[in-house]
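Following this note's numbering, the numbering of the sequence shown begins with 43 at its first residue and continues without gaps.
Glycine included, C-beta positions come from ideal geometry on N, C-alpha and C.
All of these numbers come straight from a predicted model, not from anything done at the bench.
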Amino acid sequence: MATKVLVIGACGQIGTELTMRLREIYGGEQVIASDIREGSEEIMASGPFESLDAMNKSQIEDVCLHYQVNEVYLMAAMLSATGEKFPKKAWSLNMDSLMHVLDLAKEGKIDKLFWPSSIAVFGPTTPKHDTPQHTIMEPTTVYGISKQTGERWCEYYHQKYGVDVRSMRYPGLISWKTLPGGGTTDYAIDIFHKAVAGENYNCFLSENTELPMMYMEDAVRATVEIMRAPSEEIIERSSYNLSGMSFTPQDIANEINKHVPDFSISYEPDFRQQIADSWPSSIDDAPARKDWNWKHEYGLDQMVTEMLSHLK
Ligand code: AKB
Numbered sequence: 043m044a045t046k047v048l049v050i051g052a053c054g055q056i057g058t059e060l061t062m063r064l065r066e067i068y069g070g071e072q073v074i075a076s077d078i079r080e081g082s083e084e085i086m087a088s089g090p091f092e093s094l095d096a097m098n099k100s101q102i103e104d105v106c107l108h109y110q111v112n113e114v115y116l117m118a119a120m121l122s123a124t125g126e127k128f129p130k131k132a133w134s135l136n137m138d139s140l141m142h143v144l145d146l147a148k149e150g151k152i153d154k155l156f157w158p159s160s161i162a163v164f165g166p167t168t169p170k171h172d173t174p175q176h177t178i179m180e181p182t183t184v185y186g187i188s189k190q191t192g193e194r195w196c197e198y199y200h201q202k203y204g205v206d207v208r209s210m211r212y213p214g215l216i217s218w219k220t221l222p223g224g225g226t227t228d229y230a231i232d233i234f235h236k237a238v239a240g241e242n243y244n245c246f247l248s249e250n251t252e253l254p255m256m257y258m259e260d261a262v263r264a265t266v267e268i269m270r271a272p273s274e275e276i277i278e279r280s281s282y283n284l285s286g287m288s289f290t291p292q293d294i295a296n297e298i299n300k301h302v303p304d305f306s307i308s309y310e311p312d313f314r315q316q317i318a319d320s321w322p323s324s325i326d327d328a329p330a331r332k333d334w335n336w337k338h339e340y341g342l343d344q345m346v347t348e349m350l351s352h353l354k
């Protein structure tokens, strides 16, 4: 059967680039973009678009039946920083949307499901450096709690009902096409917009806050690769650790300075500092590398060069 894909949250930071990549692979008509709001011109013009609320199961089901969808990528979520402002909303959006698609898969209406988890599943009691796949997980943000709970549900639905759900714990994702919204790692994108505008960047994290990050190109490739891997290679049915690079605000500012010598950064940590401090500084993703051959390509210097050249 031909692959027919539904991307929920197709107009967000990851959804936009993922949808375009899936349309390159499977053809524009085979990939249905959906979101509560319309997206970029390229998303709207390159294939079908459906206005859809990720919290409404019957809307998702109708679109799946109408287009005979067999794979769903659920990219809609409320991220860490916004989640702390609206805890109940974050919980409802992040959990209800996942349960809806897991249930559709359990009912045999979808064959395969991708759902992103995050490094936010870890917390202050987790080993901070080279955080292993299986370790202490005591998240302290609503977003992290929802992602950890989601992971448990994914594994449960796989074990109990044979649902083919695949997931990875995204680090902070850096991209130039679509702005992120409401994350703690967003500083690593904001900084480029200030640098190309010739302005100082006042960072909301302190200079030595090291966090795991990844260039969007690598994240989209990882997502496509895990979904195309043979089912028996996917051993972790909760979510895979995934690693690209790790850096501090000072590291990225120094790298930008190599291209933009006048660029300057100042530091004014806010409530997001506490969130960042609760997360790992680097991730060990050995199981992803072993099970489905994951390899990252972008390091800090290449990522900075690419970001600046696109944003200029
Ligand atoms: C966030 O900062 O909330 C996200 C994430 C790490 O999942 N980018």
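query, result
"Name, in chain order, the residues that DSSP records as bridge partners for Ala75.", "Val49, Phe91"
"Compare the beta carbon distance of Val205 and Ala147 with 7 Å and say whether it is the shorter of the two.", "yes"
"Roughly how many angstroms lie between the CA atoms of Ile277 and Pro169, to the nearest whole one?", "23 Å"
"For Thr251, which option in Cys53, Ser324, Met141 has the closest C-alpha, if you only look at C-alpha atoms?", "Ser324"
"If the criterion is Cβ atoms closer than 7 Å, does the pair Ala1 and Ser122 meet it?", "Absent from the structure is residue 1, since the part of the chain shown begins at 43 and ends at 354."
"Beta-carbon within less than 8 Å of Thr27's beta-carbon, same chain only, minus the 5 sequence neighbours each way: which residues are those?", "What is shown of the chain runs 43 to 354, which leaves residue 27 out entirely."
"Apart from the five residues just before and just after Cys106, which ones in its own chain have a Cβ nearer than 8 Å to its Cβ?", "Leu48, Val114, Leu146, Lys151, Ile152"
"Expressed to the nearest angstrom, what Euclidean distance is found between the alpha-carbon atoms of Asp312 and Pro272?", "44 Å"
"Output needed for Asn98: all residues of its chain with C-beta closer than 6 Å, excluding positions within five of it in sequence on either side, in chain order.", "none"
"In this structure, does DSSP put Lys219 in helix, strand or coil?", "coil"
"Using only alpha-carbon positions, find the residue among Thr227, Thr45, Leu284, Ser209 that is nearest to Arg314.", "Thr227"
"Taking contact to mean at least 3 C-beta pairs separated by less than 8 Å, is the region 129-147 in contact with the region 77-90?", "no"
"Identify every run of the alpha helix (DSSP H) within the region 261-287, keeping only runs that are complete inside it and at least 4 residues long; order them along the chain.", "none"
"Measuring only from the beta carbon, is Thr58 closer than 6 Å to any heavy atom that is part of ligand 1?", "no"
"Residues bridged to Lys332 by DSSP?", "Answer is none; Lys332 lacks a bridge partner."
"Hey, Ser280 and Arg194 are a contact pair by Cβ (cut 8 Å); roughly how many whole angstroms apart?", "7 Å"
"Based on the DSSP secondary-structure assignment, which residues constitute the bridge partners of Val114?", "Leu48, Leu155"
"I'd like to confirm something about Leu284: is its beta-carbon nearer than 6 Å to some heavy atom of ligand 1, or not?", "no"
"Shortest alpha-carbon distance to Ser134 belongs to which of Ala328, Gln72, Tyr185?", "Tyr185"
"Please determine whether the Cβ atom of Leu121 lies at a distance below 6 Å from any heavy atom of ligand 1.", "yes"
"What three-state label does DSSP hand Met255 in the structure shown?", "strand"
"Suppose contacts are defined by Cβ-Cβ distances below 7 Å. Is Asn244 in contact with Glu297 by that definition?", "no"
"Less than 7 Å between C-beta atoms, sequence neighbours within five positions excluded: which residues of the same chain meet that for Ser248?", "Tyr309, Pro311, Gln315"
"Taking only the alpha-carbon atoms, compute the straight-line gap between Arg211 and Tyr199 and give it to the nearest angstrom.", "18 Å"
"Rounded to whole angstroms, what's the CA-CA distance from Val266 to Glu59? Just pull it up for me.", "11 Å"
"With 16 as the cutoff for other CB atoms within 10 Å, does Ala239 come out buried or exposed?", "exposed"
"Looking only at C-alpha atoms, which of Glu92, Leu342, His235, Ser76 sits nearest to Asp293?", "Leu342"
"Check Asn242 in the structure and name its three-state DSSP category.", "coil"
"How many angstroms separate the CA atom of Ala356 from the CA atom of Ala119?", "Look at the range of the chain in this structure, 43 to 354, and you will see that residue 356 is not part of it."
"Taking the beta carbon of His108 as the centre, do at least 16 other beta carbons fall within 10 Å, making it buried, or is it exposed?", "exposed"
"In this structure, does DSSP put Met137 in helix, strand or coil?", "helix"
"Phe128: which of Gly54, Met62, Ser188 sits nearest, CA to CA?", "Ser188"
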